[in-house]
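One structure is given below, encoded as structure tokens.
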Amino acid sequence: MERQWRQRFSCHRPWRRPVLRIGLVVALLFAATAAVAQAPDPTLFSLMQRWGNVEYQMQGDARLKAFEDLANEADALARNQPDNAHVLTAQGVVLASYAKAKGGLGALDLAKRARTALEEAIAIDPQGENGSAYVTLGALYQHAPGWPLAFGDSDKARELLQKAVGIRPDGIDTNFYYAQYLEDEGEHGEALDYARRAVAGQARADRSSDEALRRQAERWLAEHR
């Protein structure tokens, strides 16, 4: 069972980390973080800035320890501000990233806690950080193992990713991640349509990550035509 979890949660194709393509969930987490980073709370902003450094710059045991520390900080913030959707989204992002890095059965509880935090954030803010929380939650449902080991559910993932597109139909991230989901489901033609929408999508103001993601979508589209 542990090997099954590790294969699904750490080695499934969209979670690999090639040089020219950020793994799907890493990119999804970045999309959610971009919204969280706009929150006025300097403590939250600092937390997510450090999350980005750990996610993209650190390796090995030091990375795992740093994620553990960030998760503890995020949990403390959530205990102090249980009705703050920004904080709960940040908590979900950190826990999901920690789960991905940890792998094995030890990741299962982290992934479940990430799901809970994101669902609570969406319950408070039905727009889900302008769709970003739905994207991240959809990725968790897509890539986690299914019952009885975990909560993975392709249909639920589709529902959440479609919700994100509905909230922000011209979003680069919302369309691109839905395109990748559709490709994984074997719906190649529709995947190409959403990838094209991503390439033609609207970048958000002061969000350089959107332009980086547009370039990623362009490369993906060229590879999958």
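For the sequence shown, the residue numbers in mature numbering (1 follows the signal peptide of the UniProt record, and there is no 0) are -39 to -1, 1 to 186. Yeah, the Cβ is synthetic: ideal placement off N, Cα and C, and Gly gets one too. These numbers were taken from a predicted model, which means no experiment stands behind them.
Quiz item: Once you ignore the five residues that flank alanine 173 on each side, which residues in its own chain have a CB closer than 7 Å to its CB?
Solution: What you label residue 173 is simply residue 212 of the sequence shown in a count that begins at 1. Closer than 7 Å at Cβ, skipping near neighbours: no residue.
To the nearest whole angstrom, what separates the beta carbons of alanine 72 and alanine 57, a pair I think is in contact under 8 Å?
Taking the sequence shown and counting its residues from 1, the one referred to as residue 72 is at position 111. Taking the sequence shown and counting its residues from 1, the one referred to as residue 57 is at position 96. Contact flag correct, Cβ pair sits at about 7 Å.
Review point. Going by Cα to Cα distance, which pick from Gly162, Ala46, Ile133 is closest to isoleucine 85?
Key: In the sequence shown, counting from the first residue as 1, residue 85 sits at position 124. Comparing C-alpha distances from isoleucine 85 to each of Gly162, Ala46, Ile133 shows the shortest one belongs to Ala46.
Check your understanding: Which residues in the same chain have their Cβ closer than 6 Å to the Cβ of leucine 98, if we skip the five residues on either side of it in sequence?
Key -> Position 137 of the sequence shown holds residue 98. Answer for leucine 98: Leu79, Leu121, listed in chain order.
| said: By DSSP's criteria, glycine 132 is part of a beta bridge. Which residues make up the other side? | reply: For this step, residue 132 is matched to residue 171 along the sequence shown. Paired residue(s): Gln163.
**Request:** With DSSP as the reference, label glutamine 88 as helix, strand or coil.
**Result:** Counted from its first residue, the sequence shown places residue 88 at position 127. If DSSP states are grouped into helix, strand and coil, glutamine 88 belongs with coil.
Subject >> Every unbroken alpha helix (DSSP H) inside the stretch 48 to 84 [4 residues or more] >> reply: Listed in chain order, there is nothing to give.
- [ ] Give the straight-line distance between the Cα atoms of arginine 175 and proline 130, rounded to the nearest whole angstrom.
- [x] One-based indexing of the sequence shown puts residue 175 at position 214. One-based indexing of the sequence shown puts residue 130 at position 169. Roughly 15 Å between the two C-alpha positions.
_Taking a contact to mean a Cβ-Cβ separation below 8 Å, would you say arginine 76 touches phenylalanine 112 in this structure?_
Here the question's residue 76 lines up with position 115 in the sequence shown. Here the question's residue 112 lines up with position 151 in the sequence shown. Contact: yes.
Requested in this report: Determine, using beta carbons only, whether valine 48 and leucine 38 come nearer to each other than 8 Å.
Outcome: Working through the sequence shown from its first residue, we reach residue 48 at position 87. Working through the sequence shown from its first residue, we reach residue 38 at position 77. Contact: yes.
- Message: Using C-beta distances below 7 Å, list every residue in its chain close to valine 15, excluding the 5 sequence neighbours before and after it, in chain order.
- Response: One-based indexing of the sequence shown puts residue 15 at position 54. Non-local beta-carbon contacts of valine 15 in its own chain, meaning distances under 7 Å to residues more than five positions away in sequence, involve Arg24, Ala27, Phe28, Leu31 in chain order.
Give me the residue from Ala60, Gly132, Gln42 with the minimum Cα distance to arginine 165. One-based indexing of the sequence shown puts residue 165 at position 204. Arginine 165 has its Cα closest to that of Gly132, out of Ala60, Gly132, Gln42.
| field | Same chain, Cβ closer than 6 Å to alanine 105, five either side skipped, listed in chain order | value | Locating residue 105 in the sequence shown gives position 144, counting from the first residue. Only Ala72, Ala111, Phe112, Gly113 meet the Cβ criterion.
* To do: Assign glycine 113 to one of three DSSP states: helix, strand, or coil.
  => Position 152 of the sequence shown, counting from 1, holds the residue named residue 113. In the structure shown, glycine 113 sits in coil (DSSP, three-state: anything other than H, G, I, E or B).
Throw me the rounded Cβ distance for the alanine 118 and tyrosine 138 pair, which I believe falls under 8 Å. For the purposes of this step, residue 118 is identified with residue 157 of the sequence shown, where counting begins at 1. For the purposes of this step, residue 138 is identified with residue 177 of the sequence shown, where counting begins at 1. Between tyrosine 138 and alanine 118 the Cβ distance is about 10 Å, and since that is not below 8 Å, they are no contact.
Output the distance between the C-alpha atoms of tyrosine 59 and aspartate 22, rounded to the nearest integer angstrom.
By one-based count along the sequence shown, residue 59 stands at place 98. By one-based count along the sequence shown, residue 22 stands at place 61. Rounded to whole angstroms, tyrosine 59 to aspartate 22 spans 12 Å at the Cα level.
Which of helix, strand or coil DSSP assigns to leucine 174
Residue mapping note: residue 174 aligns to position 213 of the sequence shown, counting from 1. Helix.
query = In chain order, what residues of the same chain lie with their CB nearer than 8 Å to the CB of isoleucine 128, ignoring the 5 residues before and after it?
reply = As a working mapping, residue 128 is identified with position 167 in the sequence shown. Gln88, Gly89, Asn91, Gly92, Tyr95, Thr135, listed in sequence order.
Q. Should tryptophan 158 go down as buried or exposed, given a rule of 16 or more other Cβ atoms within 10 Å for buried?
A. The sequence position of residue 158 within the sequence shown is 197, counting from 1. In the sequence under discussion, the amino acid at residue 158 is arginine, which differs from the tryptophan named in the question. It counts as buried.
Alanine 100 by DSSP, collapsed to three states: which one?
One-based indexing of the sequence shown puts residue 100 at position 139. Correct three-state label for alanine 100: helix.
- Distance between beta carbons of leucine 8 and alanine 35, contact taken as under 8 Å: Here residue 35 refers to the residue found at position 74 when the sequence shown is read from its first residue. Here residue 8 refers to the residue found at position 47 when the sequence shown is read from its first residue. Confirmed, about 6 Å.
- Task: In angstroms with no decimal places, state the Cα-to-Cα distance between alanine 156 and alanine 100.
- Result: Looking up residue 156 in the sequence shown gives position 195. Looking up residue 100 in the sequence shown gives position 139. Rounded to the nearest angstrom, the two C-alpha atoms are 17 Å apart.
Check your understanding: Are alanine 183 and valine 160 touching if we call contact CB-CB under 8 Å?
Key -> Reading the sequence shown from its first residue, position 222 is the one you call residue 183. Reading the sequence shown from its first residue, position 199 is the one you call residue 160. No. Outside cutoff.
Check your understanding: If you draw a straight line from the alpha carbon of histidine 185 to that of serine 170, how long is it in whole angstroms?
Key -> Taking the first residue of the sequence shown as position 1, residue 185 is located at position 224. Taking the first residue of the sequence shown as position 1, residue 170 is located at position 209. In a straight line, the C-alpha of histidine 185 is about 22 Å away from that of serine 170.
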